[in-house]
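Chemist: 272 is the number of the first residue of the sequence shown in this note's numbering; add one for each residue after it. Pasting a structure here, questions to come.
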Amino acid sequence: MILRDNRLTGLLWVMVGVCVLSMGGVATFYHLALGRVARTTIESSSEAQAELRASYALIESLSLTQNALQNLLRERDPDALEVLVGDLEARQDDLTVRVDRLGDRGITVKSRLASWKERCGFIVDTFLRGERAEANSGLVNSLMPESERVLAEVREVNEANAREVATRTQKMEADILSTRYKAIASVAAAGLTVLAGAVVLRGQVLRGTGAVTEILGRLSSLRAANDLLEEKVKARTAEIERSNVELHGKKQALEQEIVERTRVEEALRETNVALQNAMPGISRLDPEGRYVRVNDAYAAMVGRSTDELIGAHWTVTVDPKDHEHGTGAFHRMVRDGTCDFEASAVRKDGSTFYKQVLLVRITSENGDFAGHHCFMRDISERKRAESEKEEAHRKLVDLSRRAGMAEVATNVLHNVGNVLTSVNVSASLLKEQVQKSQVADLIEVSALLQRTEDLGTYVTQDEKGKLVPRFLAELGRHLADEQRSALTELDALLANIEHVKDIVGTQQAYSKVSGVTEEVSVAELLDAALRVHSGAFVRHKVQLSRDYATAPPLLVDKQKVLQILINLLSNAKYALDSLPPEERSLIARIRTSGPDDHGVRIEVVDNGMGIAADNLTRIFAHGFTTRKEGHGFGLHSSALAARELGGSLSAFSDGLGRGATFTLELPLRPSEVVA
């Protein structure tokens with residue numbers, strides 16, 4: 272019995288020992304788990320706090336960088352500019368370092384800050400070029416709003432980091448509380464199961480409770496640190512808000528400074544306009560157009576004293592026929608700021624002269640119209656010179672037309688001469704045929720037969736009389752051949768006479784006065800121009816090709832178009848003189864053009880000397896020519912005529928020795944003329 276009790280007692284103590292060892296292991300496990308949770312949470316919170324501190328440092332660096340830029344834009348000392356630019360660059364480098372410390376949440380801030388630095392660099396470059404107003408405007412309207420957006424992004428990162436710190440702290444508290452409850456429950460269960468092991472387990476429980484107490488202490492310290500961090504966040508946020516208010520005030524002051532500079536620049540621009548157009552006559556007028564200040568030169572030009580002009584309306588110095596023109600110029604000046612025009616001025620004695628006038632608007636401080644400056648110059652001499660030039664130009668046009676008509680007349684006379692040569696040949700042949708005609712033999716036979724009393728007996732029985740019928744038959748055939756030959760020559764003679772009539776008719780048409788609009792065939796117009804030069808093309812052995820597409824008739828001034836085409840064909844003929852005769856080629860081409868084929872395009876293409884690239888536009892200028900005997904007016908007058916017809920004249924060439932193409936484009940109807 273005693274042995275069994277001892278065995279039971281030993282078994283009980285073994286069980287107690289096992290329970291004690293188990294509870295010690297459980298307590299140790301929970302102790303280690305609580306320590307690991309605490310360390311992980313503290314490390315995460317430390318990382319979040321580090322990101323918060325980095326974001327506050329970024330805000331402070333951004334504010335310092337913006338202040339450095341403002342100091343740079345206000346600095347005017349060249350020696351200090353270099354120092355301020357260096358300071359600004361150092362601030363920007365510091366921004367780059369600080370934004371890298373924000374971690375993954377700083378990606379958006381990095382992108383926004385890159386845009387901010389790019390705009391900052393552009394403003395600095397603008398300032399260093401001397402464009403201060405544009406740099407200040409960029410700071411106010413572009414960089415400051417971008418700074419506010421960067422600050423907003425940083426605040427969002429701050430708020431996210433603060434939320435993460437609070438979340439991790441709450442999670443750590445919950446994990447510690449849960450672990451503590453589990454440890455206490457396990458210890459209590461073990462105590463109720465084995466009362467005998469309570470003393471043994473007491474030490475382990477106390478050690479577990481000590482670990483929990485240590486963790487709670489760390490948690491309390493972490494809470495205190497978090498509260499301190501929140502206080503710092505609030506204080507820094509208030510500081511940033513005060514900085515923003517200060518920046519807003521600086522922004523308003525800078526905007527006011529820009530407005531003032533704009534006004535000064537506007538006044539300077541008006542002064543520059545006045546200086547650049549330095550005219551001797553200067554006056555100022557009120558908004559109603561009455562003189563308030565007049566200098567002596569202005570008064571002398573209009574034949575009045577300065578006292579007479581003060582208070583007078585501007586219309587007293589302008590020829591009545593130009594009052595409407597002057598009123599229109601006045602309204603343009605009010606709308607656009609300046610207006611330059613010419614008009615006829617009138618003096619006090621009634622005499623007139625031409626004047627050039629520049630009107631410059633005056634604007635009050637509140638932006639209202641406050642009158643205008645009037646600058647005046649007497650341009651009578653220039654107008655006289657222009658009139659003489661126009662008269663000389665008119666005479667030149669007339670001489671050019673006469674020269675063109677003389678050239679055409681030469682071609683016409685040569686063509687008529689060629690035709691008359693053919694007419695002379697035909698007439699000589701007819702004369703020769705008449706002279707050699709056997710009509711005389713017929714007359715002799717007729718006389719012989721009339722002398723014979725018995726014609727029947729003579730023809731049938733007389734030896735000579737029997738030859739008469741055969742002779743008459745041969746004579747009839749011969750006379751018939753003569754008739755056919757004469758008719759052929761007469762037809763050729765009539766054709767040559769018609770050719771002469773066509774040549775003369777073309778010359779008469781070319782000599783008519785232009786200005787009459789009529790409907791004509793494009794092909795007939797081009798053929799008429801080709802006929803004028805047909806003789807020259809034959810003499811110069813020019814191979815002429817026609818490439819006519821079907822085109823609607825033109826309603827146009829026929830004579831102007833004919834003059835243009837004749838001039839283009841003449842130039843092409845001269846361009847081909849540089850080639851050997853067997854290589855000379857000219858193409859006359861007709862095509863439709865424009866939207867819905869509402870126009871026609873006539874091209875004159877040659878493979879002659881070509882045109883240098885720098886001469887393709889100069890050839891249409893007045894007086895420009897590449898020929899020694901040229902007068903430099905043909906293409907110029909042709910281009911003007913084409914423009915008057917609502918069309919255009921252009922040239923194309925691949926270069927010297929590569930030929931040229933002249934293109935005349937015309938609308939089908941005058942109503943389609945483009946102004």
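Beta carbons: idealized from backbone N, C-alpha and C, even for Gly.
Just to confirm my understanding: we take Gly926, look at its own chain, exclude 5 residues before and 5 after, and list those with CB closer than 8 angstroms. What are they?
Modeler: Cβ within range, chain order: Gly881, Ile882, Ala883 and Ala884.
Chemist: What is the DSSP secondary structure of Ser864, counted as helix, strand or coil?
Modeler: Ser864 falls in the strand class under three-state DSSP.
Chemist: Helix, strand or coil: which one does DSSP assign to Met647?
Modeler: Looking at Met647 - three-state DSSP - the assignment turns out to be strand.
Chemist: Quick check: the Cα distance between Thr634 and Ala641, rounded to an integer number of angstroms?
Modeler: When rounded, the distance between both Cα atoms is 5 angstroms.
Chemist: State the DSSP-derived secondary structure class of Leu939, mapped to helix, strand or coil.
Modeler: Correct three-state label for Leu939: coil.
Chemist: For the pair the region 819 to 832 and the region 791 to 809, tell me if three or more CB-CB distances fall below 8 angstroms.
Modeler: Yes, the region 819 to 832 is in contact with the region 791 to 809.
Chemist: On the three-state DSSP scale, how would you describe Asp557?
Modeler: Asp557: coil per DSSP, three-state reduction.
Chemist: Quick one: measure Cβ to Cβ for Leu935 and Ile835, integer angstroms, because I've assumed they're closer than 8 angstroms.
Modeler: Indeed they touch by this definition, with Cβ atoms about 6 angstroms apart.
Chemist: Can you tell me the Cβ-Cβ gap for Gln814 and Arg872, rounded? I've got them flagged as a contact below 8 angstroms.
Modeler: About 22 angstroms separates the two Cβ atoms, so there is no contact after all.
Chemist: Alpha carbon to alpha carbon, how far is Ser576 from His584? Give it in angstroms, no decimals.
Modeler: Cα to Cα, the separation comes out at about 14 angstroms.
Chemist: Quick check on DSSP: helix, strand or coil for His804?
Modeler: DSSP places His804 in coil when its eight states are reduced to three.
Chemist: Return the CA-CA distance between Leu477 and Thr484, expressed in angstroms with no decimal places.
Modeler: Low confidence applies to Leu477: its pLDDT is 48, below 50, so where it sits in the model is not reliable enough to give any reading.
Chemist: Using three-state DSSP, classify Gly905 as helix, strand or coil.
Modeler: Correct three-state label for Gly905: helix.
Chemist: Just how far apart, CA to CA, sit Arg810 and Lys702?
Modeler: Looking at the two C-alpha atoms, the distance is approximately 30 angstroms.
Chemist: State the Cα-Cα distance for the pair Arg929 and Leu850, rounded to the nearest angstrom.
Modeler: Whole-angstrom Cα-Cα distance: 11 angstroms.
Chemist: Between Thr598, Leu833 and Phe646, which lies nearest to Glu789 when the distance is taken from Cα to Cα?
Modeler: Closest by alpha carbon: Leu833.
Chemist: For Lys626, list the residues DSSP reports as bridge partners.
Modeler: Answer by DSSP bridge pairing, in chain order: Ala614 and Asp649.
Chemist: From the DSSP output, which residues share a beta bridge with Thr586?
Modeler: Thr586 pairs with nothing; no bridge assigned.
Chemist: Check Thr533 in the structure and name its three-state DSSP category.
Modeler: Reduced to three states, the DSSP call for Thr533 is helix.
Chemist: DSSP puts Gln704 in a beta bridge; with which residues?
Modeler: None; Gln704 has no bridge partner.
Chemist: Which parts of the region 806 to 864 are runs of the alpha helix (DSSP H), unbroken and 4 residues or longer, counting only runs that do not cross its ends?
Modeler: Fully enclosed alpha helix (DSSP H) runs of 4 or longer: 829 to 847.
Chemist: For Ser919, which residues of its own chain have a beta-carbon under 7 angstroms away from its beta-carbon, when the five flanking residues on both sides are left out?
Modeler: Cβ neighbours of Ser919 beyond the five flanking positions: Ala913 and Glu936.
Chemist: Look at the Cβ atom of Glu435, then the Cβ atom of Val380, and state whether they are nearer than 8 angstroms.
Modeler: No. Outside cutoff.
Chemist: With distance defined between alpha-carbon atoms, name the residue in Gly409, Glu405, Asp396 and Arg420 nearest to Ala983.
Modeler: Since the displayed the chain opens at 272 and closes at 946, residue 983 lies outside it and no answer follows.
Chemist: Does the region 643 to 659 come close enough to the region 547 to 563 to have 3 or more Cβ pairs within less than 8 angstroms?
Modeler: Yes: the two stretches touch, three or more of their Cβ pairs being nearer than 8 angstroms.
Chemist: Buried or exposed, going by whether 16 or more other CB atoms sit within 10 Å of the CB of Arg755?
Modeler: Label assigned to Arg755: exposed.
Chemist: Measure the C-alpha to C-alpha separation of Thr586 and Glu528 and round it to an integer number of angstroms.
Modeler: If I take the Cα positions, the gap works out to 41 angstroms.
Chemist: Pop quiz: Asp590 and Ala616 are said to be a contact at Cβ under 8 angstroms. What is the actual Cβ separation, rounded to whole angstroms?
Modeler: Confirmed, about 7 angstroms.
Chemist: In the DSSP assignment, the alpha helix (DSSP H) including Thr397 goes from what residue to what residue?
Modeler: Counting along the chain, the alpha helix (DSSP H) containing Thr397 begins and ends at Ile378 to Leu399.
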